[in-house]
Amino acid sequence: MARYLCPQCAVHYRASEFTTYTAQSEPWNPPRRDAVRTLVRGVRTLLGATAVDRDRERAEHLEMLRLGVHHRCPRGHVMPAEFLRRETLPIGLIGPSSVSKSTYLAVLLQRIVGMTDLAPMGLTFTVEERSKGIYQRDYVTPLAMRRPPEQTRLERTAPLVVRMHRDWAPDEDINLLFFDAAGEGYRDARSSADLNPYLSVMSGALVFCSPINLAFGPETGFALAPGIEGATAPGAGTVVAAVQSARTVADGRRDPIPTGVVVAKCDELAPLESRQPHPGQAIPLDARLFYGHEDAYLRRQSRWPYELLAQHGPAILAEAERFSLMTRYHAVSATGCPVNNLGMFDMIAPVRVHEPLLGLLHDMGLLAGAAALYGPERVHG
71 MARYLCPQCA VHYRASEFTT YTAQSEPWNP PRRDAVRTLV RGVRTLLGAT
121 AVDRDRERAE HLEMLRLGVH HRCPRGHVMP AEFLRRETLP IGLIGPSSVS
171 KSTYLAVLLQ RIVGMTDLAP MGLTFTVEER SKGIYQRDYV TPLAMRRPPE
221 QTRLERTAPL VVRMHRDWAP DEDINLLFFD AAGEGYRDAR SSADLNPYLS
271 VMSGALVFCS PINLAFGPET GFALAPGIEG ATAPGAGTVV AAVQSARTVA
321 DGRRDPIPTG VVVAKCDELA PLESRQPHPG QAIPLDARLF YGHEDAYLRR
371 QSRWPYELLA QHGPAILAEA ERFSLMTRYH AVSATGCPVN NLGMFDMIAP
421 VRVHEPLLGL LHDMGLLAGA AALYGPERVH G
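Heads up: the sequence shown runs through residues 71 to 451, numbered per this note's numbering.
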């Protein structure tokens, strides 16, 4: 029996467990149909909807909008619109509090929601109605003032639900639930589930580290700020590994959680990047990205993030490869520059912010079919 995720309590429920209310919090029941009408409608659906059927469904939908009809989970949380028709996939941004996860998410959403950067690929995104307040307050407003969002200080923060529409699957929209997990307090699967229940239902993970988490030797010609020592990211890999193990035991699932290891603040690595014969480039948005040819995809992806981690972050690399067979490596910068002495960004110039999300969507099987609709000339255009 199908089960649906409540974005607020991170628990799956059966459809029958949800209740329906109007905007005035009055119980609402859909119009009842007798058995004959139900049978006739089912036959018509199999044969193809008629104009009469579409008009009736449109009228019912408009009536529900007029009344403000919504669903609530057994704990009383209001559900996203049409959630029974859309799968909700939680994506965790995991890492220590100092790796600009919130800034990255703010800039990423600004690019894909506000600027529709991925529309040429047939991907458009909208923030779900119930998440708009959080999105405006915590992400849009700080960026408009050229300030970073507030740093994640809690093990659990309010999630953001973003609706993803794919042109090649117009009736199969998906809700992406982004949540931020600081990770410092996670030690095992039990503590992670207690501190952040979203981790136990996670469909994909972006594990963040930054130059401060990498161990540079004197031969690199790159030095960290005075008084700062390189170290591995606390908790990030541990929590994903624990969640993966718990999921295998509880659900009998052995498929790995698609994971991207993200080296944030890559603008701070200019001295190292200038030494590379082929500095990193973004993943090209061509048709080969979507056909599932893993080898070709990886060849087109820059080797710079992987080489960076292999040389200067062996502990992070070993940890990541232990918990997922589907791991990609990315070097990004949400703003392209650090904050100045006023706590503001002089200029926001993102570097490769789309790349981790695209890699994750690809590994989650959500981009299959794109190339059939969008050829290379459309994508590159």
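Using N, Cα and C, we set each Cβ at its ideal position, and we do this for glycine too.
Nearest-angstrom beta carbon gap, Pro219 and Ser172 [assumed within contact, 8 angstroms]: 4 angstroms between Cβ atoms; contact.
Backbone secondary structure at Phe88 - three-state DSSP: Shown here, Phe88 sits in coil according to DSSP, grouped into three states, outside any helix or strand.
Test item: CB-CB of Leu75 and Val271 under 8 angstroms: Cβ atoms of Leu75 and Val271: closer than 8 angstroms.
Alpha helix (DSSP H) segments (min. 4 residues) lying fully within the region 197 to 253: Along the region 197 to 253, the alpha helix (DSSP H) occurs as fully enclosed runs of 4 or more residues at 202 to 205, 211 to 214, listed in sequence order.
Extent of the continuous alpha helix (DSSP H) to which Thr173 belongs: 171 to 179 is the extent of the alpha helix (DSSP H) around Thr173.
Neighbourhood of Arg328 by C-beta, 6 angstroms cutoff - its chain only, sequence neighbours within 5 removed: Position check: residue 328 holds Pro in this sequence, whereas Arg was assumed. Answer for Pro328: Gly274, Met396, Leu430, Asp433, Met434, listed in chain order.
Burial state of Leu159, where buried means 16 or more other Cβ atoms lie within 10 Å: When all chains shown are included, Leu159 counts as buried.
Simplified DSSP assignment, three categories, for Ala189: Three-state DSSP puts Ala189 in a helix.
Buried versus exposed call for Pro150 [16 or more other C-beta atoms within 10 Å across all chains shown]: So Pro150 counts as buried.
Straight-line gap, Glu133 to Val148 (C-alpha atoms, nearest Å): Rounded to the nearest angstrom, the gap between the Cα atoms of Glu133 and Val148 is 19 angstroms.
Beta carbon of Val423 nearer than 8 angstroms to that of Leu178: Against a cut-off of 8 angstroms, the Cβ pair of Leu178 and Val423 comes out as a contact.
Three-state secondary structure assigned by DSSP to Pro426: Pro426: helix per DSSP, three-state reduction.
Beta strand (DSSP E) segment containing Thr397, residue limits: Thr397 -> beta strand (DSSP E) spans 397 to 401.
Contacting residues, own chain, Cβ-Cβ under 6 angstroms from Pro347 (five flanking each side not counted): Here Pro347 scores only 48 on pLDDT, less than 50, and its place in the model should not be relied on; the value that follows carries that caveat. Cβ neighbours of Pro347 beyond the five flanking positions: none.
CB contact flag (Ala334, Pro375, <8 angstroms): No.
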